[in-house]
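In what follows, a single structure is set out as structure tokens and then discussed.
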Amino acid sequence: MRYANLLFWEDEFEELAQSFSNFTFHPVLSQPETAWPLCRGHVTDCLSTHEQPSDVGYYLCGNARMLADVSETLRTKGVTEQQIHHEKFY
-1 MRYANLLFWE DEFEELAQSF SNFTFHPVLS QPETAWPLCR GHVTDCLSTH EQPSDVGYYL
59 CGNARMLADV SETLRTKGVT EQQIHHEKFY
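All residue numbers for the sequence shown refer to this note's numbering, where the first residue is -1 and numbers rise by one.
Here it is as structure tokens:
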């Protein structure tokens, strides 16, 4: 997402994160309008600066280009194809 006002289901994802210790929600904004406490830029930039756990699944949603880029970044960090799940959003 570019801007915070474009986030959807944020409350629902936050509620899931509070209810399930094995679920985390980390939205990334490429162009936040105000101070954004989480990662900013492109998702691949954020993934490059963080360790990726090897025992989790990654659920991606976005356009085909973003999905391909993020999947490739995850694979280069040792994440297997079976751990990557996606939905093409547009």
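The beta carbon of each residue, even a glycine, is placed where N, CA and C say it ideally should be.
Fair warning: this is a prediction, and the values are worked out from it, not measured in the lab.
- With a cutoff of 9 Å on beta-carbon distance, F11 and P30 are scored as not near each other.
- Taking C44 as the centre and dropping the five residues before and after it, the same chain places the C-beta of V26 and C37 closer than 6 Å to its C-beta, in chain order.
- Secondary structure of L4 (DSSP, three-state): helix.
- For C44, the three-state secondary structure derived from DSSP is helix.
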